[in-house]
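Student: Got a structure for you, questions after.
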Amino acid sequence: MSEPSGHALWQRRMMLAVLLTPALLWLFALIILPHVQLALLSFRERIAPRTYAASLMQYRTFFAEPLYWGVFVRTAIMSALATAMTLLVAFPVAWIIAKVARGRASSLLFVLCLIPFWVSETVRALGWLILLRESGVLPTLLVRLGITAVPVELLYHNATILIGLVYTSLLFMVVPLVSSLESLDNSLIEAAYNLGAKGPAILRQIVIPHAAPGITSGCIVVFMLTLGNYLTPNLLGGKNSQWFTELIYTQFIVRFNWEQGAAFGFLLLALSTAMVALGLRVSGQRFVDVMRRA
Amino acid sequence: MSTPDLSVDALDKRFADHVAVDRLSFAVERGSFFSILGPSGCGKTTLLRMIAGFTHPDSGDIRIGGRSMREVAPNRRPVNMVFQHLALFPMMSVGDNVGFGLARRGVNRTERTRRAAAMLERVGLAGAAHKRVDELSGGQRQRVAIARSLVLEPTLLLLDEPLGALDLKLREHMKIELKQLQAAFGTTFVYITHDQSEALVLSDHVAVMNRGRFEQIGTPQQLYYEPATAFVAGFVGANNRIAGRAVSVDGELVELLTPQGWTVRARRSGAIAAGDEVAAFVRPEVASIELDAGQLRPQMARFTGEVQSLLFDGANSAVLIVEQQSRFEFRVALPQTGRLADLKTGARVSFGFDPQRAICFAAAAAAAAAAVTAAVTAAGAGSAHV
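Order-wise, the sequence lines are chains A and B.
When we follow numbering that gives the first Met the number 0, the leftmost residue of the first sequence carries the number 0, and every step to the right adds one.
When we follow numbering that gives the first Met the number 0, the leftmost residue of the second sequence carries the number 0, and every step to the right adds one.
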């Protein structure tokens, strides 16, 4: 093909610009602009009514106050735990969808994973409340079956929060896992069997290395969603949840301390960025490859 | 004879609506190169997968090295397989691919590395152990796949059309290489293919498979010169298939008349009575072509016709002649001496063949082969000739 003429090239560029404009505007107006504003907020301090000065005080407060610290670390650990649990639950599901079930059965299983997301997260969390609260379905059942003498409160435990988070995140782990397992050539598994390997060795040496980008991408998405989740920990954990997003909410809405809230927000952003970088380093994956899977 | 490395006894496998393998029995001698040749869908892949243990037979037994494999899982069989698309592990280096099976057997790392390197050297890939699989060429990958299997010293190596994905030139080259590797290692190879040229060039023995059964097992020469059934005659090598009705049977010779009124004679194979539907098969190189009928050898049946097209393909060149009376299209190999090289389309020629070297089968079996024959002769201009 000959080189396009100057005019045609110019036309093509204009077309590209026109098509990209809405997305770029969106990105700039709703993501970059507020973040710049929040960054500026987080680096100032109110010294008198309507008088502000540049300062690192908001960040100092965070490090000086053990409660903030504690919640921050706790949120990170719980999120990592929820991510690991989601991976463990989602892997067999994804395996069955990608490799065992055929045709309609496979699509049906996929839809089953999707169905919970047809209702809003709030409704789903309220559903859990009905099941788990002291006068709810499950405690009553436990008493009927004679397992517990009196109804027990199943809400407001760490385990409850984790279960809720895993439930909420499952689909976001299953999707990249299915796509990466589907691309695994079955004859590789057969070849490994043929060369004398057993199940665990095949999983470790063939399946997991092949699915690594999918696993990493699922983990990143689930970890970010969990870390930034507000509703599920709040509803299922109640006052015990101590989720970092609740601290941010409190600063912005209850205490009207936007400066502190903005600083917390940036700390959360730094945390998730650091954890993602760590995850990529540990799994030896490249961000671009992983995101292509997501 | 020692115990055969592979013996299959009354093996049966049915899928929902068709029989993949139909009460099949055969044995493969130790150290030989055995091919199973058949069109796609004939059941050869199912057979291979049953030997490897990936598919369970409905009934019958498979013995490898004299031991029944009925209760033996695929990862415990003394059998290794070269897969159709090789199935090399892309997440591992070439050396780790070759050492994979050894690691599963608990061989320690130093020993593994040493044996993998030694095996790679034997297949002509010395020093490639550290390379990634995708850095290798198609032919080199082929050799890695074979090395990965042979390093485990299996009783039997199964090969599932491993040359299918290669381009023609490389395929020709790999054929020779495979044969040399097999001779060097002395391992029993069981090779499945739909390419008759691969089967004929490589094998000590070939089984021609059709609809779950073996039509014939024999040396490549037997299959080519003494096909047992019409299917084999049609599937192996190029052949002119002349279908018609037997007019008379005179000892070994059958005279047949085609619906277009062409009469030819051919040697009988199996029982044929006058009035039967029959098909005669004449190889293009069995027939001769001359400008003057007097030049044809005296024992030949003589016909005249018109050159319809010239199919030049070096040593495999042929002429398509339309028989004058019946308009039957007959393929004759061009003499390789270069004589008749100046033949033109439309030229009137004489052609003929020795009836003793044409084979006639009863049509019940011949009908089944018809479709395949047509396909093979049509596509047979190139490498299909042997």
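Where a beta carbon is used, it is the ideal one built from N, C-alpha and C, also for glycine.
Everything numeric in this text was worked out from a predicted model, so none of it was measured.
Output yes or no for whether 8 Å exceeds the beta carbon distance between Ser268/B and Ile358/B.
Tutor: In contact: Ser268/B and Ile358/B (Cβ atoms closer than 8 Å).
Student: Less than 8 Å between CB atoms is the rule here; does Pro73/B satisfy it with respect to chain A?
Tutor: Closer than 8 Å: yes.
Student: Contact between the stretch 212 to 228 of chain A and the stretch 99 to 110 of chain B is defined here as three or more beta-carbon pairs at a separation below 8 Å; is this criterion met?
Tutor: Short answer: they don't touch.
Student: Using a cut-off of 8 Å between C-beta atoms, extract the partners of Gly195/A located in chain B.
Tutor: Simply Asn74, Arg75, Gly100, Arg103, Arg104, Leu151.
Student: Determine, using beta-carbon pairs with one atom in the stretch 306 to 316 of chain B and one in the stretch 268 to 277 of chain B, whether at least three such pairs fall under 8 Å.
Tutor: No: fewer than three Cβ pairs fall under 8 Å.
Student: Taking the alpha-carbon positions, what's the Ala127/B to Ala86/B distance?
Tutor: So the two alpha carbons sit approximately 18 Å from each other.
Student: Tell me, please, whether the CB atom of Leu187/A is closer than 8 Å to any CB atom in chain B?
Tutor: Yes, its Cβ sits closer than 8 Å to a Cβ of chain B.
Student: Return the first residue and the last residue of the alpha helix (DSSP H) that Glu120/B is part of.
Tutor: First-last of the alpha helix (DSSP H) with Glu120/B: 108 to 121.
Student: Could you pull out every unbroken beta strand (DSSP E) segment of at least 3 residues lying fully inside the stretch 100 to 137 of chain A, listed in chain order?
Tutor: Segments of the beta strand (DSSP E) lying fully in the stretch 100 to 137 of chain A: there are none.
Student: Verify whether the separation of the beta carbon atoms of Ser34/B and Tyr190/B is less than 8 Å.
Tutor: Against a cut-off of 8 Å, the Cβ pair of Tyr190/B and Ser34/B comes out as a contact.
Student: Helix, strand or coil for Ser247/B? Go by DSSP, reduced to three states.
Tutor: It is a strand residue.
Student: Give, in chain order, every unbroken run of the alpha helix (DSSP H) that is at least 4 residues long and sits entirely within the stretch 294 to 331 of chain B.
Tutor: List check, alpha helix (DSSP H) in window: nothing returned.
Student: Alpha carbon to alpha carbon, what distance is there between Val88/A and Lys238/A?
Tutor: Going from the Cα of Lys238/A to the Cα of Val88/A covers about 27 Å.
Student: Does DSSP classify Ser282/A as helix, strand or coil?
Tutor: Here Ser282/A sits in helix by DSSP.
Student: Got a sec: which bits of the stretch 172 to 187 of chain A sit with their beta carbon under 8 Å from any beta carbon on chain B, in order along the chain?
Tutor: Those residues of the stretch 172 to 187 of chain A that come within reach of chain B (Cβ to Cβ, closer than 8 Å) are Asp184, Ser186, Leu187.
Student: Cβ of Leu154/A within 7 Å of any heavy atom in the ligand COA?
Tutor: Looking for the ligand COA in the displayed structure turns up nothing, as the structure carries no ligands at all.
Student: Nearest-angstrom Cα distance between Met208/B and His193/B?
Tutor: Each residue's Cα considered, the two are about 10 Å apart.
Student: Gly345/B by DSSP, collapsed to three states: which one?
Tutor: In the structure shown, Gly345/B sits in coil (DSSP, three-state: anything other than H, G, I, E or B).
Student: Specify the secondary structure class of Met223/A as computed by DSSP and reduced to three states.
Tutor: Helix, per DSSP.
Student: Contact between the stretch 323 to 334 of chain B and the stretch 285 to 294 of chain B is defined here as three or more beta-carbon pairs at a separation below 8 Å; is this criterion met?
Tutor: Result yes; three or more Cβ-Cβ pairs closer than 8 Å.
Student: When you compare the CB positions of Gly264/A and Ile247/A, do they come within less than 8 Å of one another, or not?
Tutor: Taking 8 Å as the Cβ cut-off, Gly264/A and Ile247/A qualify as a contacting pair.
Student: Check each candidate in Ser105/A, Leu154/A, Ala276/A, Glu181/A and name the one with the smallest Cα separation from Ser134/A.
Tutor: Among Ser105/A, Leu154/A, Ala276/A, Glu181/A, the Cα nearest to that of Ser134/A belongs to Leu154/A.
Student: In the DSSP assignment, find the unbroken beta strand (DSSP E) run with His204/B in it and report its ends.
Tutor: 204 to 209 is the span of the beta strand (DSSP E), which, as asked, contains His204/B.
Student: Just verifying my parser: in three-state terms, what is the DSSP assignment at Asp95/B?
Tutor: Asp95/B falls in the helix class under three-state DSSP.
Student: By Cβ distance below 6 Å, which residues in the same chain neighbour Arg22/B in space, the five residues on each side in sequence not counted?
Tutor: Hits under 6 Å: Ala9, Asp11.
Student: Using beta-carbon positions only, say whether Val20/B and Thr44/B come within less than 8 Å of one another.
Tutor: It is not a contact, given that the beta carbons lie outside the stated cut-off.
Student: Just curious, the alpha helix (DSSP H) that Ala97/A is in, first and last residue?
Tutor: Run containing Ala97/A: none; DSSP gives neither H nor E here.
Student: Any beta-carbon of chain B closer than 8 Å to the one on Ala200/A?
Tutor: Chain B, which has a Cβ nearer than 8 Å to the Cβ of Ala200/A, makes this yes.
Student: Could you give the residue range of the beta strand (DSSP E) that holds Tyr51/A?
Tutor: Here the beta strand (DSSP E) through Tyr51/A covers 50 to 53.
Student: How is Gly351/B classed by DSSP in three states: helix, strand or coil?
Tutor: Strand.
Student: So, are the CB atoms of Gly100/B and Thr112/B less than 8 Å apart?
Tutor: No, Cβ-Cβ distance for Gly100/B and Thr112/B is not below 8 Å.
Student: What are the boundary residues of the alpha helix (DSSP H) that His6/A is part of?
Tutor: Here the alpha helix (DSSP H) through His6/A covers 5 to 26.
Student: State buried or exposed for Asp291/B, treating a residue as buried only when at least 16 other CB atoms are found within 10 Å of its CB.
Tutor: Per the 10 Å Cβ criterion, exposed.
Student: Are the CB atoms of Gly217/A and Met172/A within a distance shorter than 8 Å?
Tutor: Yes, they are a contact pair.
Student: Which bits of chain B does Phe208/A rub up against, with CB to CB less than 7 Å?
Tutor: Reading the sequence as shown, one finds Pro at residue 208/A and not Phe. Those within 7 Å of Pro208/A in chain B are Met90.
Student: Does Ala393/B come within less than 8 Å of chain A when only Cβ atoms are used?
Tutor: The question about residue 393/B has no answer, for chain B in this structure spans 0 to 385.
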